[in-house]
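Note sheet for the following structure.
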Amino acid sequence: MSATTSTHADDESSISVGTYLFNRIKQLGINSIFGVPGDFNLALLDHIYEVDGLRWVGNTNELNAGYAADGYSRLKSLSVLITTFGVGELSTINAIAGAYAEHVGLLHIVGVPAQSSENKKLLLHHTLGNGDYKVYARISKELSEKAIFLEDAETAPHRIDDALRTAFLTQRPVYLAIPTNIGELSVDKTLLETPIDLTPPSNDPVTEREVIDRVLRLIEHATNPIILVDACANRHDVREETARLAEVTQFPVFTTPMGKSAFNEDNERFGGVYVGSLSSPEVAQVVESADLVLSVGALLSDFNTGSFSYGYNTNNIVEFHSDHIKIKRATYEDISMKPVLDELATRITPRDPALAVPVPKPMALQTAPKDTTLTQDYLWTNLSSFLRPGDVIVSETGTSSFGITKTIFPNNSVGISQVLYGSIGYSVGAALGASLAIEEIDPSRRVILLVGDGSLQLTVQAISTMIRWNLNPYLFVLNNDGYTIERLIHGPTSSYNDINPWQYTKLLEVFTAKNYQNYSIKTTGELDEIFESEEFANPDKIRLIELVLPRLDAPIALVKQAEITSKTNSA
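The sequence shown maps to residues 1 to 571 in the UniProt record's numbering.
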C-alpha cells in the first residue's frame with residue numbers, strides 16, 4: 001500500500017511518520033529509547049508517548065546515551081538512540097563507533113532541520129556555517145552499516161523498516177535522519193499490520209553443503225580438537241548452537257576475553273579463557289597443542305589475543321562468522337554460521353563423554369587473614385563466589401576487563417565489555433542500558449558494574465539516570481588513584497595519569513538516591529563479608545562499593561599486556 005501525502009495524520013486510517021516509527025520500534029520488543037532532546041527532534045519525541053509501553057529514558061548527555069543503547073542492545077539484540085542534528089549526533093559518535101567495531105545493533109535516529117531550510121542553505125545553528133547540512137551524516141556513514149534519510153511520506157515506512165531490519169540482522173549501527181517536517185506527515189496506518197521481516201538471508205545450499213562436508217572431514221580426522229568461542233557468538237546469537245556442538249563432540253571449549261559468557265562456564269567441557277601468551281599454562285597447553293580449532297565468532301584484536309600471540313601448532317582452523325566461513329585458507333563468502341553450526345551438531349555422531357579429553361580446572365577461591373590489604377588478584381578470583389546464575393557483569397576497559405578473565409561466571413550469566421574498541425567510561429553507560437533491559441526481561445536478575453575510578457569520572461552522570469529510574473545495579477568502583485592501565489604502559493609517576501580524588505561513597509547522595517547503600521572496602525576480610533552477606537546479595541537497592549586498591553596493583557595479564565603494548569608503541 002502506498003502512503004498518503006497529507007501534512008498531518010488527521011483520520012483513523014492514517015498516522016504520522018513519527019507514530020509509525022515508534023510503533024515499529026515497540027513491535028520489535030524495544031521498550032526504552034535513549035537520547036537527549038534538542039530542538040530538531042522535539043516534535044518527533046512527542047510521538048513516543050502515543051505508543052503504550054515505550055519509555056523515553058532521557059540521558060544526561062549523548063555519549064552516555066550511546067553507551068547505554070549499546071549495553072541495552074547486548075541483552076535485547078537491538079536498541080534505539082535519538083539525538084539532535086550536529087551537536088547531538090557528534091557527541092554520541094564515539095559510542096556509535098564502538099558499537100560498529102563490536103557488532104552491536106542499534107538504530108541512531110537524528111532529528112535534522114526541515115528540508116526547506118536545507119534547500120535554502122540557511123545559516124542555522126548547529127551547522128558549520130557553510131550551508132552543508134549533510135556533513136555530519138557523511139561522518140556517521142563511515143561508522144554505520146547504512147545511512148538512511150527520510151525524504152517524503154510515500155517512502156518513509158519502507159525506509160524505517162529497512163533501517164530497523166538492517167540494524168537487527170547485521171548487528172551494526174544504522175543512521176536514520178528525519179527532517180523536522182517529515183515526522184508529522186501522514187502514512188497509512190494499516191502498514192503496521194505487516195510485521196517487519198527479520199528472517200536472515202538463506203545460505204546457498206550447495207556452498208553450505210560443501211562447507212559442512214569439509215568441516216566434518218576435519219573433525220573426523222582430528223585427535224586433539226578444541227572449540228574457541230569469541231564475541232560474535234553472543235552478538236549473532238549462536239550460543240545454543242555452540243553448546244550443542246560441544247555436547248555432541250565433547251571437544252574442550254575455551255573462550256576469549258571478549259567471548260566470556262558466550263559459553264556456560266559451569267559446563268564440564270569449559271576449559272578457561274585463552275589469551276595467547278597471556279593465558280595460564282594449563283589453558284595454553286591444551287589450545288596450542290590442538291590439531292583442529294573450531295573458532296566461533298572471532299574478533300581477533302590485540303587485547304583479545306594477547307597482542308596477536310596465538311600459538312596454534314596447526315593450520316586446521318575453521319572460522320565461523322555471521323557472513324562468511326573460513327576453512328584453512330579458503331573463504332566462503334555470504335555463508336552464515338548459525339545454520340551451519342546447527343547442521344553440524346545434527347550430523348555429528350555424539351561421542352561418549354567418558355572418552356572426552358580432560359580440560360583445565362578453574363582456580364580455587366583464595367583465603368587470607370581478614371586484615372590483609374585487598375589486591376586485584378584476590379578480588380577477581382573471589383568475585384566468583386558472589387556471582388549467581390543470570391547475572392549481567394559489566395567490566396570496564398583496563399584492570400576490570402583483564403581481571404575478569406580470572407572470574408568464573410555462573411550459568412546463563414552475561415558478560416559485557418568493550419575489549420576491542422576500549423573507550424574508557426563505556427561501562428558506566430552500558431550498565432545503565434543493561435539495567436533497563438534487565439528490568440524489562442527479568443527484574444530478579446542483577447547487574448554488576450566493575451569500573452576504575454578514572455573511567456568512572458568520565459561518565460559518572462549515568463548514575464544519575466539509574467537513580468531517576470529506580471534501578472538497582474551494584475557499582476563496584478576500583479579506587480587505585482588514577483589511570484592504572486596507562487601507568488603500566490607508560491609514565492607510572494607522570495602527572496598526566498593522575499586524577500582528582502573523589503569521595504565516591506557520597507555520589508549516590510549527590511545524585512539524590514533514596515534507597516541506597518555505600519561501602520568502602522580496604523581488606524580481604526571486608527570483601528569476604530559482603531560477598532557472604534545474604535542481605536547484600538539481594539538487588540533491592542542501588543549500591544556503590546568503593547574498592548580501595550594499591551596504586552600500581554593490577555591483574556598479571558594486564559601487566560604482561562602493558563609490557564607488550566609499550567614495546568609495540570615504541571617500535
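Note that CB positions come from ideal geometry on N, CA and C, so glycine has one too.
Does the Cβ of residue i have 16 or more other Cβ atoms within 10 Å, making it buried, or fewer, making it exposed?
i	result
Ala156	buried
Asn203	buried
Ile404	buried
Phe308	exposed
Leu103	Checking the sequence, you will find His at residue 103 rather than Leu. Flag for His103 reads buried.
Glu535	exposed
Pro205	exposed
Ser16	buried
Thr92	buried
Thr7	Note that Thr7 scores 49 on pLDDT, short of 50, meaning its location in the model is unreliable and no value can be drawn from it.
His158	exposed
Ser2	Note that Ser2 has pLDDT 38, beneath the 50 cutoff, so the model's placement of it is unreliable and the number below is only indicative. By the neighbour-count rule (16 or more Cβ atoms within 10 Å), Ser2 is not buried but exposed.
Asn59	buried
Leu198	exposed
Leu44	buried
Tyr496	exposed
Thr5	Reliability fails at Thr5, whose pLDDT of 42 lies under 50, so the model's placement of it is uncertain and the value that follows must be treated cautiously. Thr5 comes out exposed.
Asp285	Per the sequence shown, the amino acid found at residue 285 is Gln instead of Asp. Gln285 should be labelled exposed.
Glu193	exposed
Ala571	exposed
Gly425	buried
Tyr20	buried
Tyr378	buried
Mind reading off the beta-carbon distance from residue i to residue j? Whole number of angstroms is fine, and I expect it under 8 Å.
i	j	result
Asp553	Thr375	6 Å
Gly525	Asn480	At roughly 19 Å, the Cβ-Cβ gap does not stay under 8 Å, so Gly525 and Asn480 are not in contact.
Gly131	Lys121	4 Å
Thr397	Gln366	Contact flag wrong, Cβ pair sits at about 25 Å.
Leu294	Val318	5 Å
Leu471	Ser494	Not confirmed; about 37 Å, so no contact.
Gly38	Gly88	5 Å
His490	Ser423	Contact flag wrong, Cβ pair sits at about 19 Å.
Specify, as a first and last residue, the run of the alpha helix (DSSP H) that residue i falls within.
i	result
Ala233	231-235
Thr19	17-27
Asn479	Looking at the DSSP string, Asn479 is not in any alpha helix (DSSP H); the run it does join, the beta strand (DSSP E), is 474-479.
Ser423	No alpha helix (DSSP H) contains Ser423, which DSSP labels as neither H nor E.
Gly403	399-403
Leu73	Here residue 73 turns out to be Ser, not Leu, going by the sequence shown. Looking at the DSSP string, the run of the alpha helix (DSSP H) that includes Ser73 is 62-76.
Leu355	Careful: Leu355 lies outside any alpha helix (DSSP H) and carries neither H nor E.
Thr465	462-468
For residue i, which beta-bridge partners are listed by DSSP?
i	result
Arg55	Ser32
Val253	Ile227, Phe270
Gln171	According to DSSP, which records beta bridges pairwise, Gln171 is partnered with nothing at all.
Asn518	Leu544
Ala330	Ile327
Gly415	Ile393
Leu294	Ile227, Val318
Ala177	Val110, Phe149
Ala448	Here residue 448 is Ile; the residue named in the question, Ala, does not match the sequence. Its beta-bridge partners are Ile393, Tyr474.
Ser14	Asp188
Thr242	Paired residues: none, contrary to the question.
Thr373	Thr523
Would you check if the distance between the CB atom of residue i and the CB atom of residue j is smaller than 8 Å?
i	j	result
Ala290	Thr314	yes
Ala298	Arg269	no
Asp188	Ser13	yes
Asn94	Leu128	no
Val447	Val394	yes
Gly105	Arg55	no
Asn267	Leu292	no
Arg24	Leu216	no
Glu151	Tyr133	no
Pro350	Val248	yes
Ile416	Ala437	no
Leu169	Pro195	no
Thr83	Val135	no
His221	Ser322	no
Just curious, the beta strand (DSSP E) that residue i is in, first and last residue?
i	result
Val392	392-395
Glu210	No beta strand (DSSP E) contains Glu210, which is instead part of the alpha helix (DSSP H) from 205-221.
Ile148	146-149
Glu319	317-320
Leu81	79-84
Ser301	Element bounds for Ser301: n/a, residue is neither H nor E.
Asp188	186-188
For a test of your reading of the model: does the CB of residue i fall under 7 Å from any non-hydrogen atom of the ligand MG? Yes or no.
i	result
Pro225	This structure does not include the ligand MG; it has no bound ligands of any sort.
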